[in-house]
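Residue numbers (full-length UniProt numbering): 1 to 40. Glycine residues also receive a C-beta, built at the ideal position from the N, C-alpha and C atoms. Have a look at the structure below, then the notes.
So, in structure tokens, the structure goes:
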């Protein structure tokens with residue numbers, strides 16, 4: 001799937017973002033911390 005990440009968003013290297021079933025859109029100015037799992 002497609003993953004879109006907005007400007008000024010910080011994603012920790014140990015976070016997991018997996019787009020299996022459809023797109024994931026993360027807006028601007030977000031902080032995705034360690035151990036976070038975002039799965040679609």
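For residue i, the nearest candidate out of the options (CA to CA)
| i | options | result |
| --- | --- | --- |
| residue 6 | 15, 24, 40 and 19 | 24 |
As assigned by DSSP and simplified to three states, the class of residue i
| i | result |
| --- | --- |
| residue 16 | strand |
| residue 10 | strand |
Under 9 Å between C-beta atoms of residue i and residue j
| i | j | result |
| --- | --- | --- |
| residue 26 | residue 32 | yes |
| residue 21 | residue 38 | no |
| residue 9 | residue 34 | no |
| residue 40 | residue 1 | yes |
Residue i, enclosing beta strand (DSSP E) - first and last residue
| i | result |
| --- | --- |
| residue 4 | 3-5 |
| residue 25 | 24-26 |
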